[in-house]
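Some notes on the structure that comes next.
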Amino acid sequence: MAPPQAAARRGFRISPTQQIMLGLVAGVLVGWLFPSAGVALKPVGQLFLRLIKMIVGPLVLTTLIAGIAGAGGKMVGRVGLKAILWFEAATTLALVVGLTGANLVQPGVGVGLATDAGAAGKLAKAKGAVDFVLEAFPVSIFDALARNDILQIVVFALFVGLAIGAAGEKAAAVKGLAESGAEVMFKVVGFVMRFAPLGVGAAMAATLGAKGIRVLIPLLKVVGTLYGCLAVFFALLFLAMWLLTRLHLRTFLAAIREPAVIAFTTTSSEAAMPRAMEAMERIGVPRSIVAFVMPAGYSFNLDGSTLYLSLAVMFVAQAAGLHLPLGEQLAIMGVLMLTTKGVAGVPRSSLVVLAGALTAFHLPLEGVAILLAIDELMDMGRSCVNVVGNCVATAVVAHWEKAIAPGALILGPGRLAVAEVPERRSAVGE
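In terms of my numbering, the sequence shown opens at residue 74 and continues consecutively.
Structure follows, in structure tokens:
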């Protein structure tokens, strides 16, 4: 049994999230009350951003290779193809909703982030389709890593991951190297995030010192915009599920309520995963389908995170006073569609993907530090949507497999009852 002194020390431990919030509050006070001191802290914030930029390329490369190599062999059966179809449709919808909300509300207008002198020119010269495709393929992966060209890194990782999956046991050593590299990068992310409270506080102090307290208003707008977009996405997602499956919606919502609340309150999709899998089995989805679709969704179907990222990129562009034409926005959708698949399970993974997307489209990385200050508030909503989106995906795939009938869900008094439905053998790996 631990001594009382040790228990007392554990009781007063400040979590990483609380440390970031304290850094935010300190930065706001310094920037508001002592503007010149806040501006002087700008190099500290810049150091934090350089640390983030340092890890983006290697992290995306290793995690995407490991993820595709691990899932590539499984995603070949009938269930796998149906799951991929739904995953891509759902994440595309999430990206569209996020971009639409950002264009309608424009939460970043008025922040006044500084940007590179040539950034506006680079964005204005939208590439043609042929040039965009050609430049997506790297001449050298080392050159792409040196320039943090995320799209080229993603393309290279896709080829390598698929090749490892095709080679099977012969490529086990390369697959292990990628997985080990990903684990090392996870640790590096953890090291960098220890510096986050100081980096966030310094960045916020510098921003407020230069721009004034009015810069906080857009942060409230972006939180409100995110939750509005998430509500719209929920409505569209459940409508699509009902139209495709005719499942009893009220019963389905009652079943997934507990895992959704767990994800929202803990800001962790992984914490809610066991209860989510149990809930899907209770409403009649065969275990073979639940055990495949749900874990795959945690890597390939992060609806809440993709919606947030599309909104966040637009927020930073608006904050920098840059106009993204439709072609650039569609290109951002393509990049986010791929990069969100590679860093599932990484602490602050949305931060890493956002930094990569901002770098790819020549947008200021200072936006990362500003958004990180309110990340906890937004993480609650996107974690909840990630879990609910994977529950919906599991139900839809089960219906497509005729493993659960449209009338299978019956709302009993205080509990869920499931009508008898003949289970169809899963086709995973067929």
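A virtual CB, placed ideally from N, CA and C, is assigned to each residue, including glycine.
For the segment 373 to 442, the full-length alpha helix (DSSP H) segments reaching 4 residues or more read 376 to 392, 399 to 412 and 422 to 433 along the chain. Under the criterion of beta carbons closer than 8 Å, S423 and Y381 qualify as touching, at roughly 6 Å. Cβ neighbours of V470 within its own chain (closer than 8 Å, five residues either side excluded): V152, K155, A156, W159, I362 and V366. Straight-line spacing of the CA atoms in F210 and L384 works out to 27 Å. When P131, L137, A99 and A110 are compared, the shortest CA-CA separation from F373 is found for L137. By the Cβ rule, the segment 429 to 447 does not count as touching the segment 344 to 356, because fewer than three pairs are nearer than 8 Å.
In the DSSP annotation of this structure, H321 is not part of any alpha helix (DSSP H), being labelled neither H nor E. A333 is positioned such that its CB atom lies closer than 8 Å to that of V461.
Residue environment: L303 is assigned as buried (16 or more neighbouring CB atoms within 10 Å of its CB, all protein chains considered). The beta carbon of A236 sits closer than 8 Å to those of A244, all from its chain and outside the five residues before and after it, given in chain order. With a threshold of 16 other beta carbon atoms within 10 Å, D216 falls short and is exposed. Inclusion of L218 and G130 in the CB contact set at 8 Å is warranted, their separation being smaller than that value. In chain order, F306, D376, T379 and L380 place their CB closer than 7 Å to the CB of A167, counting only its own chain and leaving out the 5 sequence neighbours on each side.
Per the coordinates, the alpha-carbon of A336 lies some 6 Å from the alpha-carbon of S456. Pairing F121 with A392 gives a Cβ-Cβ distance that is not under 8 Å.
Between L97 and G274, the beta carbon gap of about 6 Å places them in contact (Cβ cut-off 8 Å). In the displayed model, V247 falls within a helix according to three-state DSSP.
Shown here, A352 sits in a helix according to DSSP, grouped into three states. The C-beta of E474 has 16 or more other C-beta atoms within 10 Å across all chains shown, which makes the residue buried. T135 and L106 have their alpha carbons spaced roughly 44 Å apart.
With a 10 Å radius around the Cβ and a threshold of 16 neighbouring Cβ atoms, P116 comes out exposed. The C-alpha of L450 is placed about 27 Å away from the C-alpha of H396.
Cβ neighbours of V386 within its own chain (closer than 6 Å, five residues either side excluded): I405 and A430. In the three-state DSSP reduction, A476 falls in the coil class, being neither helix nor strand. The criterion of a C-beta distance shorter than 8 Å is not satisfied by I128 and V212. At a Cβ-Cβ threshold of 8 Å, I356 and A313 do not count as neighbours. Under the three-state reduction of DSSP, P359 is assigned to coil, being neither helix nor strand.
A446: not part of any alpha helix (DSSP H); DSSP gives it neither H nor E. Listed in chain order, the non-local C-beta contacts of M258 below 6 Å within the same chain comprise P131, L132 and T135, local neighbours out to five positions each way being set aside. Under the three-state reduction of DSSP, L114 is assigned to coil, being neither helix nor strand. In terms of Cα proximity to A175, the closest of L399, V408 and A468 is L399.
Per DSSP, the unbroken alpha helix (DSSP H) holding F229 starts and ends at I223 to A240. Taking all protein chains shown into account, G140 has 16 or more neighbouring C-beta atoms within 10 Å of its C-beta and is therefore buried. Here the C-alpha atom of A240 lies approximately 39 Å from the C-alpha atom of R267.
In this structure, V112 keeps its C-beta atom at 8 Å or more from the C-beta atom of A276. For the pair V178 and K294, the CB atoms are nearer than the 8 Å cut-off.
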